[in-house]
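Okay, structure first, notes after.
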Amino acid sequence: MIYLLEGKEIYFLSKKKNALLSRKDLDPENIVSFDASVRSFSLSQALTYCNTISLFSENRAVVVNDPYFLNSGGEKTGKEKKNTMNNADLLEEYCKMPNDSSDLILVCYGYDADKRTREYKILEKYRGKTVDILTFSQKSPKELERYIDIELQKHQLRMTADALEEFKLRINGSTTMFHVALDSILLYGEKNLNLKDIEHLVYINPEVNHWKLGNAFIRRDTEGTFRALNECIEIEHMTYTNLIPVLASQIRGIYNSVVCNELGMGEEEIRRYTGRNYPSLDLRSAGRCSSRDLLERLSALADLDQEIKAGRIDEKNGFERYLLRYL
């Protein structure tokens with residue numbers, strides 16, 4: 016069988032890969048792995064292994080990790096395009112008649128395979144016949160909420176309201192990040208967790224810090240704004256100039272949710288249109304701020320950027336003065 020494992024949720028992706036490689040009739044000696052992220056990788060060699068008769072057992076698995084020809088990242092030279100065509104031809108030939116004793120496992124860690132490539136179209140062509148394509152996508156916010164509740168109950172973990180809110184922020188909508196955090200909490204051994212426990216145990220994604228900065232600023236939360244600002248500077252070593260586009264991006268995201276809400280869109284529709292995971296939080300942050308108010312803040316931030324670049328104002332004083340103007 017030929018498997019394509021793809022998607023951003025690497026926790027479940029890895030779990031499926033391990034399950035395929037943990038069959039009782041598959042000896043470790045008959046598992047061969049290739050790093051296919053480099054353009055020196057030879058698909059022909061991998062397929063040769065698929066067709067090799069094993070001396071140890073009847074079954075074999077060939078794992079092709081991060082095949083470059085299914086990854087949209089990175090430009091290819093003319094020569095590499097020629098190789099890609101050869102890869103597609105080789106893949107189609109094998110899809111027509113795969114070795115029943117071998118599993119070919121193509122693994123795209125943390126990304127979806129590029130559906131524009133010839134190789135993907137060939138795999139799709141034989142899907143349900145000799146190919147099984149498994150996509151591990153991120154759960155919707157509601158699905159993840161239910162999943163978190165079930166897992167916490169299963170492990171008899173209880174969190175205070177502020178701890179749970181911080182926990183959900185830090186995993187940033189990712190089931191994989193949830194399980195990484197859950198492992199840390201289980202190792203800690205405490206069943207009742209407060210905010211300080213979560214801050215100590217769960218790694219904070221820089222994107223969450225950025226969201227906190229924008230969220231607190233729009234809500235006119237002075238203490239929260241400067242706490243997030245200090246975390247960005249001390250933990251990420253960002254400069255005030257670097258923070259301007261970060262804050263602008265956060266304001267723009269909230270602005271998009273507010274505009275859609277002003278047009279009468281519901282939460283699910285806003286999520287699909289804007290790509291924002293939690294538009295309800297955007298609207299809660301905005302409070303009474305209209306889209307016009309948010310545009311004014313964006314315009315003032317753009318003016319500040321120009322003033323700093325022209326050397327007419329100190330970046331630290333200018334940025335902090337801008338924050339205090341709207342807090």
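Residue numbers (my numbering): 16 to 342. The beta carbon of each residue, even a glycine, is placed where N, CA and C say it ideally should be.
Judged by pairs of C-beta atoms under 8 Å, the segment 149 to 161 touches the segment 22 to 40, as three or more such pairs exist.
It is roughly 40 Å from the alpha-carbon of Gly143 to the alpha-carbon of Gly268. For Cys123, the enclosing beta strand (DSSP E) begins and ends at Ser117 to Tyr124. The segment 226 to 234 and the segment 192 to 212 do not touch, with fewer than 3 CB-CB distances between them shorter than 8 Å. Residue environment analysis places Thr63 among the exposed positions, since fewer than 16 neighbouring C-beta atoms fall within 10 angstroms of its C-beta. Close CB contacts of Ser59 within its chain, under the 7 Å cut and outside five residues either way in sequence, are with Leu105 (chain order). Here Arg173 carries a strand assignment [DSSP, helix/strand/coil]. Ala325 carries a coil assignment under DSSP once its states are collapsed to helix, strand and coil. In the same chain as Glu134, and ignoring 5 residues on each side of it, the C-beta atoms closer than 7 Å to its own belong to Phe84, Leu85, Asn102, Ala103 and Leu106, in chain order. Out of Asp42, Lys39 and Pro82, the CA that lies nearest to the CA of Ser57 is found in Pro82. The DSSP assignment places 190 to 203 and 210 to 216 as complete runs of the alpha helix (DSSP H) inside the segment 190 to 219, in order along the chain (cut-off: 4 residues).
In the three-state scheme derived from DSSP, where H, G and I count as helix and E and B as strand, Leu62 is classed as helix. The distance from the Cβ of Val217 to that of Phe241 is about 22 Å, inconsistent with a contact at the 8 Å cut-off. Take the alpha-carbon of Thr237 and the one of Lys140: they are about 56 Å apart. Excluding the 5 residues flanking it on each side, Tyr26 has same chain C-beta neighbours closer than 7 Å at Thr190, Thr191 and His194, in chain order.
A Cβ-Cβ contact shorter than 8 Å links Ala178 with Asp212. For Asn80, the enclosing beta strand (DSSP E) starts and ends at Arg75 to Asn80. With contacts defined by Cβ atoms closer than 8 Å, Glu222 and Asn187 form a contacting pair. By the CB criterion at 8 Å, Asp50 and Ser87 fall outside the cutoff. Distance from the Cα of Ile259 is smallest, within the candidate group Ser37, Asp320, Thr67 and Tyr109, for Asp320. Taken atom to atom, the span from the alpha-carbon of Ala315 to that of Met253 is near 21 Å.
Shortest Cα-Cα distance from Ser117 to any of Arg173, Arg75 and Arg312 involves Arg75. For Glu222, there is no enclosing beta strand (DSSP E); the enclosing alpha helix (DSSP H) has its first and last residue at Pro221 to Ile233. In chain order, Val223, Trp226 and Lys227 place their CB closer than 8 Å to the CB of Leu184, counting only its own chain and leaving out the 5 sequence neighbours on each side. Of the other Cβ atoms in all chains shown, fewer than 16 fall within 10 Å of the Cβ of Glu180; this residue is therefore exposed. In this structure, Ile46 lies away from Val79, with their beta-carbon atoms at least 8 Å apart.
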